[in-house]
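Here's the structure we're looking at; comments come further down.
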Amino acid sequence: MNGISSDLSPPLNLAVAYTPLAFRPAFALLLQLDTRFADIVRKAREPMIAQIKLAWWRDAFGVEPTLRPKGEPLLQALGTCGDEISAVALEDLVSAWELLLGEGAWAPQDVEKHSRLRGGAIFGSYAQWTEHAFDMRALSQQWAVDWLRLEFPSQLNMLDAQPLSALPKSRKLRPLSILAMSVRNVSGPRLIAHALTGW
Numbered sequence: 216m217n218g219i220s221s222d223l224s225p226p227l228n229l230a231v232a233y234t235p236l237a238f239r240p241a242f243a244l245l246l247q248l249d250t251r252f253a254d255i256v257r258k259a260r261e262p263m264i265a266q267i268k269l270a271w272w273r274d275a276f277g278v279e280p281t282l283r284p285k286g287e288p289l290l291q292a293l294g295t296c297g298d299e300i301s302a303v304a305l306e307d308l309v310s311a312w313e314l315l316l317g318e319g320a321w322a323p324q325d326v327e328k329h330s331r332l333r334g335g336a337i338f339g340s341y342a343q344w345t346e347h348a349f350d351m352r353a354l355s356q357q358w359a360v361d362w363l364r365l366e367f368p369s370q371l372n373m374l375d376a377q378p379l380s381a382l383p384k385s386r387k388l389r390p391l392s393i394l395a396m397s398v399r400n401v402s403g404p405r406l407i408a409h410a411l412t413g414w
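Using our numbering, read the sequence shown as starting at 216 and increasing by one per residue.
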């Protein structure tokens, strides 16, 4: 399994391609789960139905792998990753997207908490796998908010853009800097150049 997936956007697949083989499947799966949850929120016509869907995922994550519902490829993939993706990361990812369900515009405090939980689940998990000391908090939260700004512009037009956080220069952390660059309004060639060089 190389982690490249038709479920992921080109920038996400580029980040996966630069991920070390040892945890590439787990990182790809985290991004696929995040994409699935984002789609649930994006397509929600009835917040209660979306809440039920996210609750189903939370319940599925909480049971023994052998007892998880059959027929869902992402759950099956989770079983093959062993314990690489922590239960806390899975819980935080679901909780992050639950915060954005409901009627009307998103409250700034919900967006802030969403970005902290989602950024920690994805960037924090990666940093833990690589045992890297780079502080991911500001970068991961900025990525999460800027991603929302691109994907849900009508919900975030009340939030001011924040100064850009510094990107990590380590080659090991290149997948995370690719994710961060991908929401900074850069062209495809510029993003590929960053992936190749780190600049």
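Think of the CB as a built atom: it goes at the ideal place given N, C-alpha and C, for glycine as much as any other residue. Keep in mind the model is a prediction, meaning the values are calculated, not measured.
- Take L289, set aside five residues on each side of it, and the residues of its chain with a beta-carbon closer than 8 Å to its own are L244, Q247, L248 and R251, in chain order.
- Here P368 carries a helix assignment [DSSP, helix/strand/coil].
- Non-local C-beta neighbours of S397 in its own chain, meaning closer than 7 Å and more than five positions away in sequence, comprise P226 and L406, ordered along the chain.
- W414 and I393 have their C-alpha atoms some 10 Å from each other.
- Between A395 and L365 the beta-carbon gap is near 13 Å, outside 8 Å, which marks them as no contact.
- Contact between P383 and F349 holds: CB atoms are separated by about 5 Å, below the 8 Å threshold.
- Where G335 is concerned, there is no enclosing alpha helix (DSSP H), because DSSP gives it neither an H nor an E.
- D325 and W312 have their C-alpha atoms roughly 10 Å apart.
- With a minimum length of 4 residues, the unbroken runs of alpha helix (DSSP H) contained wholly in the stretch 272 to 300 fall at 288 to 295.
- For the pair G334 and W358, the CB atoms are nearer than the 8 Å cut-off.
- Taking 8 Å as the cut-off, the beta carbon of A302 is found closer than this to the beta carbon of F276.
- The beta carbon of D222 sits closer than 7 Å to those of Q247 and T250, all from its chain and outside the five residues before and after it, given in chain order.
- In this structure, the straight-line span from the alpha carbon of V278 to that of L332 is close to 21 Å.
- Exclusion of the five residues before and after V256 leaves A265, W312, L315 and L316 as the residues of its chain whose Cβ lies within less than 7 Å of its Cβ.
- Distance from W272 to V309 at the Cβ level is roughly 6 Å; contact confirmed, criterion being Cβ atoms closer than 8 Å.
- Where H409 is concerned, the enclosing alpha helix (DSSP H) starts and stops at G403 to T412.
- Annotated as proximal: S385 and H347, with beta-carbon spacing under 8 Å.
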